[in-house]
Amino acid sequence: MPQVIYELDSSIAAFFSDSGTSATRQQCDEFARNQFGEDIRPVPLQGVTSYTVTAGPITIVQFREQGSSLNEGMMALAKAVHGDVVTGCVSHGLIGGSSSYSEGKEDANALALYSMDKLPGENYIFIRASLAESLPLQLATVESLARFFAQSWLNGRTTDPDQVSTAINNCTKLFHHLSETLPSRFQPSISQLPKLLNSLRSGEHPVVLTHGDLNEMNILVDPVTGKITSVVDWAEASFLPFGFALYALDNCLGNMGENGWEYFDNADQLRKGFWDTFDRLVGGLSESVMESIRLARVAGLFIRYGIAYEERSGGMM
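In my numbering, the protein residues as written are 1368 to 1684.
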């Protein structure tokens, strides 16, 4: 696999170039400095659709493309479900606009502004290798991830029939797309996915608030304890079948090597630690429910890695 080197300033420059905004990095930094009166520093890992800085020791300021704006109501719901690993956010309007000031287009490319509390921890992608040197730290990570999913199972369910119906309809379309487009070696697994639809219709399998991109960059971990301290970037959160974001567990069980994805030697032990913790926290689940969860995990993996981002619908990963 070719090695990709991340360079902070280049990433920031690409954001301001590609977003089309007339706002500059300097203007954004000045806003943050004037608003919060603190030293401004870019966070070490930037998103594709946002520019993020720290304003002193306790505040994060984020400038986002409007197409990837944060839903404050969804953020509040995420915090209600997941507690202290999710920070609230405050909107501060827009900064910058389109270089074209024709009527109705002046603010089309302005950046949406938000501030939020800075939570502790390091991006998991930066410390995964060092955590892999200690089984207790790895177990602490997967067990805290299990707590995150248990919170979703217990507290994140929607009872809105329209949201459930939307999730089922989107799944139906995506499963059909997978059956039509992926190579034959995947079809035995894909042919099992429609079973999940029956569990969703019966209510046995819940539709829950789901992070839209639960990758290694959006999970923060304490390097000393191994515990997850924060889950960030809820811009693409939506209501999906529980388990569609379980690719996050696989990301804790290995990493990308020269020949592709490689699981750690202790991956089975870590996986067991996750599921034992999850089962204990949710109070035990029947084998039929666990089978449905395993099927949802497979569905989430196929959708995330088997369908181009722009072809997905319904906020699905």
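Glycine included, C-beta positions come from ideal geometry on N, C-alpha and C.
Can you give the Cα-Cα distance for residue i and residue j, rounded to whole angstroms?
i: K1485; j: T1426; result: 5 Å
i: D1527; j: V1574; result: 10 Å
i: V1410; j: L1581; result: 18 Å
i: L1437; j: N1622; result: 30 Å
i: R1412; j: S1551; result: The sequence given here places Leu at residue 1412; Arg does not occur at that position. In a straight line, the C-alpha of L1412 is about 38 Å away from that of S1551.
i: E1629; j: E1658; result: 25 Å
i: F1430; j: I1494; result: 26 Å
i: L1545; j: F1669; result: 8 Å
i: A1399; j: G1463; result: 14 Å
i: M1442; j: A1507; result: 26 Å
i: R1524; j: L1576; result: 6 Å
i: S1467; j: V1453; result: Low confidence applies to S1467: its pLDDT is 39, below 50, so where it sits in the model is not reliable enough to give any reading.
i: S1469; j: S1384; result: Caution applies to S1469, whose pLDDT of 37 falls short of 50 and renders its modelled position unreliable; the model cannot decide the point.
i: G1471; j: E1489; result: Caution applies to G1471, whose pLDDT of 42 falls short of 50 and renders its modelled position unreliable; the value that the coordinates give is listed next. C-alpha separation (whole angstroms): 41 Å.
i: C1538; j: A1675; result: 15 Å
i: K1639; j: F1645; result: 10 Å
i: E1510; j: K1594; result: 8 Å
i: V1591; j: E1547; result: 46 Å
i: L1480; j: K1562; result: 43 Å
i: F1516; j: H1572; result: 14 Å
i: A1381; j: C1395; result: 15 Å
i: G1681; j: R1408; result: Residue placement at G1681 is poorly supported in this model, since its pLDDT is 48, which falls under 50; the coordinates are not used for a value here.
i: M1483; j: S1435; result: 16 Å
i: V1656; j: R1647; result: 15 Å
Around the C-beta of residue i, are 16 or more other C-beta atoms found within 10 angstroms, so that it is buried, or is it exposed?
i: Q1685; result: Within the shown structure, residues of the chain are numbered from 1368 to 1684, placing residue 1685 beyond reach of any answer.
i: E1397; result: exposed
i: Q1505; result: buried
i: I1372; result: exposed
i: N1536; result: exposed
i: A1543; result: Here residue 1543 is His; the residue named in the question, Ala, does not match the sequence. That one is exposed.
i: T1391; result: exposed
i: S1501; result: exposed
i: S1566; result: buried
i: L1375; result: exposed
From the DSSP output, read off the bridge partner residues of residue i.
i: N1490; result: L1587
i: W1628; result: M1623
i: V1598; result: I1586
i: A1604; result: BP columns for A1604 are empty, so no partner.
i: T1426; result: A1422, D1484
i: I1372; result: Its beta-bridge partners do not exist; DSSP assigns none.
i: N1431; result: According to the sequence provided, residue 1431 is Arg. The question's Asn does not apply to it. S1417, A1479, per the DSSP bridge assignment.
i: V1312; result: As shown, the chain starts at 1368 and ends at 1684. That puts residue 1312 outside it, with no answer to give.
i: V1457; result: S1482
i: I1407; result: A1422
Among the options, which has the Cα closest to the Cα of residue i?
i: G1404; options: T1388, Y1672, S1435, G1423; result: G1423
i: A1604; options: I1595, D1589, E1625, H1578; result: H1578
i: L1444; options: S1501, V1531, C1456, A1479; result: C1456
i: L1461; options: K1446, A1447, E1432, V1453; result: E1432
i: G1673; options: D1589, S1556, S1566, R1638; result: S1556
i: P1608; options: L1560, N1633, D1632; result: L1560
i: G1570; options: G1414, Q1530, I1492, L1549; result: Q1530
i: R1514; options: M1442, H1449, L1563; result: H1449
i: S1386; options: S1417, A1496, D1376, C1619; result: S1417
i: F1631; options: R1647, G1667, S1497, G1440; result: S1497
i: P1503; options: P1487, L1637, T1388, Y1481; result: L1637
i: G1414; options: L1620, K1446, I1379, R1408; result: I1379
i: A1634; options: D1617, G1627, R1647, D1643; result: D1617
i: I1492; options: N1476, V1656, D1451, C1619; result: C1619
i: D1589; options: L1375, L1512, N1476; result: L1512
i: H1459; options: A1447, V1428, P1487; result: V1428
| task | Inspect the CB distances between the segment 1597-1606 and the segment 1570-1585 and report whether three or more fall short of 8 Å. | result | By the Cβ criterion, the segment 1597-1606 is in contact with the segment 1570-1585, since at least three pairs of Cβ atoms, one from each stretch, lie closer than 8 Å.
| How do the segment 1506-1525 and the segment 1646-1654 stand: do at least 3 beta-carbon pairs fall below 8 Å, yes or no? | These segments touch.
| task | Would you check if the segment 1661-1673 and the segment 1609-1622 touch, i.e. whether three or more CB-CB distances between them fall below 8 Å? | result | A contact between stretches requires three or more CB pairs, one per stretch, nearer than 8 Å, and the segment 1609-1622 meets this requirement with the segment 1661-1673.
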